[in-house]
Amino acid sequence: MVYTMSRYNQHEEYLRKVLMGSLSSENPSKETYLKHYKNSNSYFNQYKIELLERYKDKSFTDFKGVHTIDNDYGQALEIVNSKKINFNLKDNEVERDLINDLKLVSGIGNKKEIALKDKGYDNLYKLQNHPKYSKKVGSLIDTINNQDFPDYFRLMKKSKEHNTMMCAGKVDVENLRFMDIETLGLKNVPIILIGIAYIENNKLISKQYLQRNGQEESSIIEAYISNLDDDSVHVTYNGARFDIPFVKNRADYFGIKYDKHLHYDLLYFARKLYRERLENCRLQTVESYICGFERFNDVPGQFIPEYYKTYVDSQNIGPLVPIIRHNRLDIISLVDIFMRIYNDINF
79 MVYTMSRYNQ HEEYLRKVLM GSLSSENPSK ETYLKHYKNS NSYFNQYKIE LLERYKDKSF
139 TDFKGVHTID NDYGQALEIV NSKKINFNLK DNEVERDLIN DLKLVSGIGN KKEIALKDKG
199 YDNLYKLQNH PKYSKKVGSL IDTINNQDFP DYFRLMKKSK EHNTMMCAGK VDVENLRFMD
259 IETLGLKNVP IILIGIAYIE NNKLISKQYL QRNGQEESSI IEAYISNLDD DSVHVTYNGA
319 RFDIPFVKNR ADYFGIKYDK HLHYDLLYFA RKLYRERLEN CRLQTVESYI CGFERFNDVP
379 GQFIPEYYKT YVDSQNIGPL VPIIRHNRLD IISLVDIFMR IYNDINF
(Lines of atoms letter the chains of each structure in order from A and count residues from 1; the text may use other names and numbers.)
(Lines give C-alpha, C1' and ligand atoms only; values in the text may rest on other atoms or scores of the structure.)
Protein backbone atom coordinates (compact mmCIF):
# COMPACT_ATOMS: atom_id res chain seq x y z
CA MET A 1 0.00 0.00 0.00
CA VAL A 2 1.46 3.35 -1.05
CA TYR A 3 0.37 6.72 0.30
CA THR A 4 1.28 9.89 -1.55
CA MET A 5 2.73 13.02 0.00
CA SER A 6 -0.58 14.67 -0.84
CA ARG A 7 -2.40 12.26 1.48
CA TYR A 8 0.24 12.82 4.15
CA ASN A 9 -0.24 16.58 3.89
CA GLN A 10 -4.01 16.25 3.97
CA HIS A 11 -3.94 14.18 7.13
CA GLU A 12 -1.38 16.42 8.80
CA GLU A 13 -3.42 19.51 7.92
CA TYR A 14 -6.59 17.85 9.22
CA LEU A 15 -5.01 17.09 12.60
CA ARG A 16 -3.45 20.56 12.75
CA LYS A 17 -6.85 22.17 12.24
CA VAL A 18 -8.51 19.88 14.75
CA LEU A 19 -5.95 20.83 17.40
CA MET A 20 -5.76 24.53 16.54
CA GLY A 21 -6.70 26.91 19.34
CA SER A 22 -7.17 24.21 21.96
CA LEU A 23 -5.28 23.28 25.09
CA SER A 24 -3.64 20.51 23.04
CA SER A 25 -2.52 22.76 20.19
CA GLU A 26 1.20 23.26 20.96
CA ASN A 27 2.99 21.53 18.08
CA PRO A 28 6.76 21.94 17.64
CA SER A 29 8.37 21.81 14.22
CA LYS A 30 9.15 18.65 12.31
CA GLU A 31 12.83 19.59 12.24
CA THR A 32 12.96 19.80 16.05
CA TYR A 33 11.29 16.43 16.33
CA LEU A 34 13.54 14.67 13.83
CA LYS A 35 16.65 16.15 15.44
CA HIS A 36 15.90 15.27 19.04
CA TYR A 37 13.16 12.67 19.37
CA LYS A 38 14.95 9.48 20.45
CA ASN A 39 13.20 8.92 23.79
CA SER A 40 16.06 10.91 25.29
CA ASN A 41 15.85 11.71 29.00
CA SER A 42 17.90 14.84 28.55
CA TYR A 43 15.78 16.07 25.67
CA PHE A 44 12.45 15.54 27.41
CA ASN A 45 13.76 17.00 30.65
CA GLN A 46 14.77 20.11 28.72
CA TYR A 47 11.46 20.12 26.88
CA LYS A 48 9.63 20.07 30.23
CA ILE A 49 11.63 23.09 31.40
CA GLU A 50 10.72 24.95 28.20
CA LEU A 51 7.04 24.11 28.73
CA LEU A 52 7.17 25.46 32.27
CA GLU A 53 8.58 28.73 30.98
CA ARG A 54 6.22 28.98 28.02
CA TYR A 55 3.06 28.42 30.06
CA LYS A 56 4.04 30.04 33.38
CA ASP A 57 1.41 32.77 33.02
CA LYS A 58 -1.28 30.56 31.48
CA SER A 59 -4.29 28.93 33.09
CA PHE A 60 -6.92 26.47 31.92
CA THR A 61 -9.38 29.28 31.29
CA ASP A 62 -7.09 30.73 28.59
CA PHE A 63 -8.14 27.99 26.19
CA LYS A 64 -11.43 27.47 24.42
CA GLY A 65 -13.53 24.42 25.16
CA VAL A 66 -12.10 24.05 28.68
CA HIS A 67 -14.34 24.19 31.71
CA THR A 68 -14.94 22.62 35.11
CA ILE A 69 -17.62 19.96 35.45
CA ASP A 70 -19.46 18.68 38.51
CA ASN A 71 -20.92 15.25 39.14
CA ASP A 72 -21.72 13.00 42.10
CA TYR A 73 -18.01 12.35 42.65
CA GLY A 74 -16.80 15.93 42.65
CA GLN A 75 -15.21 18.15 40.04
CA ALA A 76 -12.82 17.69 37.13
CA LEU A 77 -11.72 19.47 33.99
CA GLU A 78 -13.45 18.80 30.68
CA ILE A 79 -11.78 19.76 27.39
CA VAL A 80 -14.16 19.74 24.42
CA ASN A 81 -13.37 20.17 20.74
CA SER A 82 -15.29 19.45 17.56
CA LYS A 83 -14.58 19.30 13.86
CA LYS A 84 -16.55 18.41 10.76
CA ILE A 85 -15.78 14.93 9.50
CA ASN A 86 -16.71 12.77 6.53
CA PHE A 87 -17.05 9.37 8.18
CA ASN A 88 -18.60 6.67 6.06
CA LEU A 89 -18.40 2.89 6.22
CA LYS A 90 -19.60 1.38 2.97
CA ASP A 91 -21.94 -1.57 3.20
CA ASN A 92 -20.66 -4.94 2.05
CA GLU A 93 -22.04 -8.38 1.27
CA VAL A 94 -21.54 -9.82 4.72
CA GLU A 95 -25.03 -11.38 4.70
CA ARG A 96 -24.15 -13.45 1.63
CA ASP A 97 -20.90 -14.62 3.21
CA LEU A 98 -22.66 -15.66 6.38
CA ILE A 99 -25.51 -17.43 4.61
CA ASN A 100 -22.93 -19.50 2.70
CA ASP A 101 -20.96 -20.40 5.84
CA LEU A 102 -22.30 -23.69 7.21
CA LYS A 103 -19.63 -23.70 9.93
CA LEU A 104 -21.69 -21.14 11.83
CA VAL A 105 -23.86 -24.07 12.84
CA SER A 106 -22.71 -25.83 15.99
CA GLY A 107 -21.14 -29.19 15.17
CA ILE A 108 -20.11 -28.35 11.60
CA GLY A 109 -16.41 -28.00 10.82
CA ASN A 110 -14.45 -27.75 7.58
CA LYS A 111 -14.75 -31.40 6.56
CA LYS A 112 -18.42 -31.61 7.46
CA GLU A 113 -19.15 -28.42 5.53
CA ILE A 114 -17.48 -29.81 2.40
CA ALA A 115 -19.43 -33.04 2.71
CA LEU A 116 -22.73 -31.21 3.16
CA LYS A 117 -22.11 -28.92 0.20
CA ASP A 118 -21.24 -31.95 -1.93
CA LYS A 119 -24.71 -33.23 -1.09
CA GLY A 120 -26.32 -29.98 -2.25
CA TYR A 121 -26.59 -28.12 1.04
CA ASP A 122 -24.85 -25.05 -0.38
CA ASN A 123 -26.07 -22.52 2.17
CA LEU A 124 -28.01 -22.10 5.39
CA TYR A 125 -31.33 -21.83 3.55
CA LYS A 126 -30.84 -25.26 1.99
CA LEU A 127 -29.53 -26.63 5.28
CA GLN A 128 -32.95 -25.91 6.76
CA ASN A 129 -34.12 -29.04 4.96
CA HIS A 130 -31.51 -31.24 6.64
CA PRO A 131 -33.09 -33.49 9.29
CA LYS A 132 -30.23 -33.01 11.77
CA TYR A 133 -29.54 -29.30 11.45
CA SER A 134 -32.89 -27.73 10.53
CA LYS A 135 -33.75 -26.54 14.06
CA LYS A 136 -30.35 -24.90 14.59
CA VAL A 137 -30.34 -23.09 11.26
CA GLY A 138 -33.58 -21.15 11.66
CA SER A 139 -32.35 -18.87 14.46
CA LEU A 140 -29.10 -18.20 12.59
CA ILE A 141 -30.97 -17.07 9.49
CA ASP A 142 -33.20 -14.83 11.60
CA THR A 143 -30.12 -13.21 13.18
CA ILE A 144 -28.58 -12.55 9.78
CA ASN A 145 -31.77 -11.19 8.20
CA ASN A 146 -32.69 -8.95 11.14
CA GLN A 147 -29.46 -6.96 10.58
CA ASP A 148 -29.23 -6.04 14.26
CA PHE A 149 -25.65 -4.92 14.82
CA PRO A 150 -25.07 -6.46 18.28
CA ASP A 151 -26.34 -9.82 17.01
CA TYR A 152 -24.12 -9.54 13.93
CA PHE A 153 -21.14 -8.66 16.09
CA ARG A 154 -21.61 -11.63 18.41
CA LEU A 155 -22.14 -13.97 15.48
CA MET A 156 -18.95 -12.77 13.83
CA LYS A 157 -17.05 -13.14 17.09
CA LYS A 158 -17.97 -16.84 17.19
CA SER A 159 -17.04 -17.40 13.54
CA LYS A 160 -13.77 -19.10 12.65
CA GLU A 161 -13.54 -17.57 9.18
CA HIS A 162 -15.02 -14.11 9.67
CA ASN A 163 -14.15 -11.25 12.00
CA THR A 164 -16.15 -8.51 13.63
CA MET A 165 -14.74 -5.76 11.40
CA MET A 166 -16.66 -7.29 8.47
CA CYS A 167 -19.95 -6.21 10.04
CA ALA A 168 -18.83 -2.73 11.15
CA GLY A 169 -20.77 -1.23 8.25
CA LYS A 170 -23.95 -2.20 10.10
CA VAL A 171 -23.21 -0.07 13.15
CA ASP A 172 -24.83 3.29 13.72
CA VAL A 173 -21.69 5.44 13.53
CA GLU A 174 -23.00 7.71 16.26
CA ASN A 175 -22.73 4.77 18.66
CA LEU A 176 -18.97 4.45 18.18
CA ARG A 177 -16.85 5.65 21.12
CA PHE A 178 -13.16 6.15 20.36
CA MET A 179 -11.35 5.96 23.68
CA ASP A 180 -7.89 6.18 25.27
CA ILE A 181 -6.55 6.77 28.78
CA GLU A 182 -3.37 8.15 30.34
CA THR A 183 -2.21 6.76 33.66
CA LEU A 184 0.57 7.06 36.21
CA GLY A 185 1.77 3.52 35.49
CA LEU A 186 0.78 0.14 34.15
CA LYS A 187 -1.21 -1.32 37.05
CA ASN A 188 -3.14 -0.26 40.15
CA VAL A 189 -2.30 3.42 39.83
CA PRO A 190 -4.54 6.43 39.13
CA ILE A 191 -5.88 7.43 35.75
CA ILE A 192 -5.07 11.06 35.10
CA LEU A 193 -6.79 11.63 31.75
CA ILE A 194 -9.56 9.91 29.80
CA GLY A 195 -10.24 10.86 26.20
CA ILE A 196 -13.36 9.87 24.30
CA ALA A 197 -14.49 10.91 20.81
CA TYR A 198 -17.73 10.30 18.97
CA ILE A 199 -19.49 11.38 15.79
CA GLU A 200 -22.65 13.44 15.91
CA ASN A 201 -24.32 15.33 13.07
CA ASN A 202 -21.23 14.85 10.85
CA LYS A 203 -18.97 16.30 13.53
CA LEU A 204 -16.18 14.57 15.40
CA ILE A 205 -16.53 15.62 19.02
CA SER A 206 -13.73 14.89 21.45
CA LYS A 207 -14.01 15.17 25.21
CA GLN A 208 -11.09 14.78 27.56
CA TYR A 209 -11.47 14.50 31.32
CA LEU A 210 -8.47 15.57 33.39
CA GLN A 211 -7.93 15.30 37.10
CA ARG A 212 -6.05 18.37 38.20
CA ASN A 213 -4.88 17.56 41.71
CA GLY A 214 -4.68 13.83 42.19
CA GLN A 215 -8.08 13.84 43.90
CA GLU A 216 -10.45 13.83 40.95
CA GLU A 217 -10.01 10.34 39.47
CA SER A 218 -13.48 9.11 40.42
CA SER A 219 -14.99 12.24 38.88
CA ILE A 220 -13.25 11.79 35.52
CA ILE A 221 -14.29 8.12 35.42
CA GLU A 222 -17.91 9.08 36.09
CA ALA A 223 -17.72 11.86 33.48
CA TYR A 224 -16.37 9.45 30.88
CA ILE A 225 -19.08 6.86 31.64
CA SER A 226 -21.73 9.56 31.17
CA ASN A 227 -20.88 9.46 27.44
CA LEU A 228 -21.85 5.78 27.17
CA ASP A 229 -25.17 4.00 26.87
CA ASP A 230 -26.37 0.48 26.09
CA ASP A 231 -25.73 0.92 22.35
CA SER A 232 -22.19 2.29 22.66
CA VAL A 233 -19.39 0.44 20.85
CA HIS A 234 -15.85 1.04 22.07
CA VAL A 235 -12.99 1.56 19.62
CA THR A 236 -9.51 1.41 21.17
CA TYR A 237 -5.93 0.45 20.42
CA ASN A 238 -4.85 -2.32 22.80
CA GLY A 239 -7.85 -1.37 24.90
CA ALA A 240 -8.98 -4.98 25.39
CA ARG A 241 -5.84 -5.70 27.41
CA PHE A 242 -5.14 -2.28 28.88
CA ASP A 243 -7.60 0.65 28.75
CA ILE A 244 -10.90 -1.12 29.36
CA PRO A 245 -9.68 -3.46 32.17
CA PHE A 246 -7.80 -0.53 33.71
CA VAL A 247 -10.92 1.65 33.83
CA LYS A 248 -12.95 -1.29 35.11
CA ASN A 249 -10.46 -1.88 37.92
CA ARG A 250 -10.38 1.79 38.95
CA ALA A 251 -14.19 2.09 38.68
CA ASP A 252 -14.57 -0.92 40.97
CA TYR A 253 -12.14 0.70 43.39
CA PHE A 254 -14.44 3.72 43.69
CA GLY A 255 -17.65 1.69 43.59
CA ILE A 256 -18.66 3.06 40.18
CA LYS A 257 -20.71 0.82 37.91
CA TYR A 258 -18.94 0.23 34.60
CA ASP A 259 -20.87 -1.94 32.14
CA LYS A 260 -19.26 -4.01 29.43
CA HIS A 261 -19.77 -2.84 25.83
CA LEU A 262 -19.11 -4.25 22.39
CA HIS A 263 -15.53 -3.45 21.54
CA TYR A 264 -13.28 -3.03 18.50
CA ASP A 265 -9.64 -3.30 19.55
CA LEU A 266 -7.80 -2.06 16.45
CA LEU A 267 -4.49 -3.57 17.55
CA TYR A 268 -5.87 -7.02 16.75
CA PHE A 269 -6.83 -6.01 13.22
CA ALA A 270 -3.61 -4.06 12.64
CA ARG A 271 -1.57 -7.13 13.51
CA LYS A 272 -3.71 -9.25 11.23
CA LEU A 273 -3.28 -6.88 8.29
CA TYR A 274 0.11 -5.20 8.67
CA ARG A 275 2.45 -7.16 10.95
CA GLU A 276 4.38 -8.66 8.03
CA ARG A 277 5.04 -5.21 6.59
CA LEU A 278 5.89 -3.21 9.72
CA GLU A 279 8.67 -3.37 12.29
CA ASN A 280 6.00 -3.27 15.00
CA CYS A 281 2.29 -2.58 15.36
CA ARG A 282 2.44 0.28 17.85
CA LEU A 283 -0.20 2.92 17.31
CA GLN A 284 2.20 5.55 15.96
CA THR A 285 3.79 3.05 13.58
CA VAL A 286 0.44 2.02 12.13
CA GLU A 287 -0.69 5.65 12.11
CA SER A 288 2.36 6.56 10.04
CA TYR A 289 1.99 3.62 7.67
CA ILE A 290 -1.69 3.74 6.81
CA CYS A 291 -2.44 7.42 7.49
CA GLY A 292 0.89 8.94 6.43
CA PHE A 293 1.05 11.01 9.62
CA GLU A 294 4.11 11.52 11.82
CA ARG A 295 3.91 12.99 15.31
CA PHE A 296 6.39 15.61 16.49
CA ASN A 297 7.50 16.02 20.12
CA ASP A 298 5.08 13.35 21.22
CA VAL A 299 5.99 12.69 24.86
CA PRO A 300 6.50 8.92 25.38
CA GLY A 301 4.38 7.18 27.98
CA GLN A 302 7.27 6.65 30.39
CA PHE A 303 7.60 10.43 30.84
CA ILE A 304 3.91 11.09 31.52
CA PRO A 305 3.99 10.36 35.30
CA GLU A 306 6.95 12.69 35.75
CA TYR A 307 5.38 15.44 33.64
CA TYR A 308 2.14 15.13 35.58
CA LYS A 309 3.92 15.24 38.95
CA THR A 310 5.75 18.38 37.86
CA TYR A 311 2.41 19.97 36.99
CA VAL A 312 0.89 19.02 40.37
CA ASP A 313 3.92 20.31 42.27
CA SER A 314 4.28 23.56 40.32
CA GLN A 315 0.64 24.21 39.35
CA ASN A 316 2.04 25.20 35.96
CA ILE A 317 -0.06 23.72 33.14
CA GLY A 318 2.90 23.49 30.75
CA PRO A 319 3.77 19.82 31.35
CA LEU A 320 0.11 18.90 30.85
CA VAL A 321 -0.03 20.29 27.31
CA PRO A 322 1.84 17.45 25.55
CA ILE A 323 -0.04 14.85 27.61
CA ILE A 324 -3.38 16.29 26.52
CA ARG A 325 -2.18 16.60 22.93
CA HIS A 326 -0.90 13.00 22.92
CA ASN A 327 -4.22 11.69 24.22
CA ARG A 328 -6.26 13.70 21.76
CA LEU A 329 -4.14 12.60 18.81
CA ASP A 330 -4.69 9.02 19.94
CA ILE A 331 -8.47 9.20 19.91
CA ILE A 332 -8.65 11.28 16.71
CA SER A 333 -6.32 8.91 14.87
CA LEU A 334 -8.45 5.94 15.90
CA VAL A 335 -11.25 7.33 13.72
CA ASP A 336 -9.06 7.39 10.62
CA ILE A 337 -7.44 4.03 11.36
CA PHE A 338 -10.84 2.43 11.93
CA MET A 339 -12.07 3.51 8.49
CA ARG A 340 -8.89 2.39 6.74
CA ILE A 341 -8.80 -1.02 8.42
CA TYR A 342 -12.47 -1.54 7.60
CA ASN A 343 -11.80 -0.82 3.92
CA ASP A 344 -8.67 -2.97 3.84
CA ILE A 345 -10.58 -5.94 5.26
CA ASN A 346 -13.76 -5.58 3.25
CA PHE A 347 -12.89 -4.21 -0.17
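In the working numbering, each residue's number is its place in the sequence shown (first place is 1) plus 78. All residues carry an ideal CB built from backbone N, CA and C; glycine is no exception.
Residue i vs residue j beta-carbon contact at 8 Å
| i | j | result |
| --- | --- | --- |
| Ile415 | Glu357 | no |
| Phe347 | Ile419 | yes |
| Asn149 | Ser310 | no |
| Tyr287 | Ile303 | no |
| Asp328 | Ile409 | Sequence check: residue 328 is Arg here, not Asp. In this structure, Ile409 does not lie closer than 8 Å to Arg328 by Cβ. |
| Ile274 | Lys281 | no |
| Lys136 | Ile395 | yes |
| Val183 | Leu167 | no |
| Asp343 | Asn316 | yes |
| Phe165 | Met417 | yes |
| Ile127 | Ala301 | no |
| His240 | Asp175 | yes |
Integer-rounded CB distance, given that residue j should sit under 8 Å from residue i
| i | j | result |
| --- | --- | --- |
| Asn291 | Val390 | 7 Å |
| Asp229 | Thr221 | 5 Å |
| Ile259 | Val313 | With a Cβ gap of about 14 Å, Ile259 and Val313 do not count as contacting. |
| Pro397 | Leu129 | 6 Å |
| Lys181 | Lys235 | So it is not a contact: roughly 14 Å between Cβ atoms. |
| Val413 | Phe256 | 6 Å |
| Ile402 | Ile382 | So it is not a contact: roughly 11 Å between Cβ atoms. |
| Leu340 | Phe425 | Their Cβ separation, rounded to whole angstroms, is 23 Å, which puts Leu340 and Phe425 out of contact at 8 Å. |
Residue closest to residue i, alpha-carbon to alpha-carbon, out of the options
| i | options | result |
| --- | --- | --- |
| Leu345 | Phe371, Asp337 and Ala318 | Ala318 |
| Phe371 | Val183, Thr139, Ser411 and Glu300 | Ser411 |
| Asp200 | Gln293, Asn178 and Arg373 | Asn178 |
| Lys335 | Ile368, Ile299 and Cys369 | Ile299 |
| Gly263 | Met244, Leu254 and Phe320 | Phe320 |
| Tyr352 | Lys338, Cys369 and His339 | Cys369 |
| Asn375 | Ala301, Lys350 and His404 | His404 |
| Lys162 | Asp307, Lys350, Gln293 and Glu278 | Glu278 |
| Lys197 | Gly187, His208 and Asn188 | His208 |
| Asp307 | Glu252, Thr261 and Ser118 | Glu252 |
| Glu173 | Leu218, Glu294, Lys189 and Phe381 | Leu218 |
| Arg406 | Ser120, Val158, Thr139 and Tyr133 | Val158 |
| Thr261 | Ser118, Glu384, Lys134 and Asn421 | Glu384 |
| Glu294 | Arg132, Val144, Gln153 and Tyr125 | Gln153 |
| Glu171 | Asp140, Lys248 and Lys213 | Lys248 |
| Asn421 | Asn223, Arg232, Thr388 and Ala246 | Ala246 |
| His145 | Met244, Ile322, Asn224 and Gln289 | Gln289 |
| Asn223 | Tyr276, Tyr203, Ile186 and Ile423 | Tyr203 |
| Lys214 | Lys190, Ile186, His240 and Arg132 | Ile186 |
Endpoints, the beta strand (DSSP E) within which residue i is located
| i | result |
| --- | --- |
| Lys281 | Lys281 to Leu288 |
Residue span of the alpha helix (DSSP H) that contains residue i, given as start and end
| i | result |
| --- | --- |
| Gln362 | Leu361 to Cys369 |
| Asp220 | Ser212 to Asn224 |
| Arg355 | Looking at the DSSP string, Arg355 is not in any alpha helix (DSSP H), and its letter there is neither H nor E. |
| Glu128 | Asn119 to Arg132 |
| Thr61 | This structure gives no information on residue 61, because the portion of the chain shown stretches from 79 to 425. |
| His404 | Leu398 to Asn424 |
| Glu294 | That residue, Glu294, is in no alpha helix (DSSP H); it is neither H nor E in DSSP. |
| Met234 | Phe227 to Lys236 |
| Tyr336 | Neither: Tyr336 is in no alpha helix (DSSP H) and is coded neither H nor E. |
| Asn327 | Asp321 to Phe332 |
| Asp175 | Val172 to Ile177 |
| Asn188 | Asn188 to Asp196 |
| Leu264 | No alpha helix (DSSP H) contains Leu264, which DSSP labels as neither H nor E. |
| Lys204 | Leu202 to Leu205 |
Those residues which DSSP pairs with residue i across a bridge
| i | result |
| --- | --- |
| Asp258 | Gly273 |
| Tyr342 | Val313 |
| His145 | Glu156 |
| Lys161 | Leu282 |
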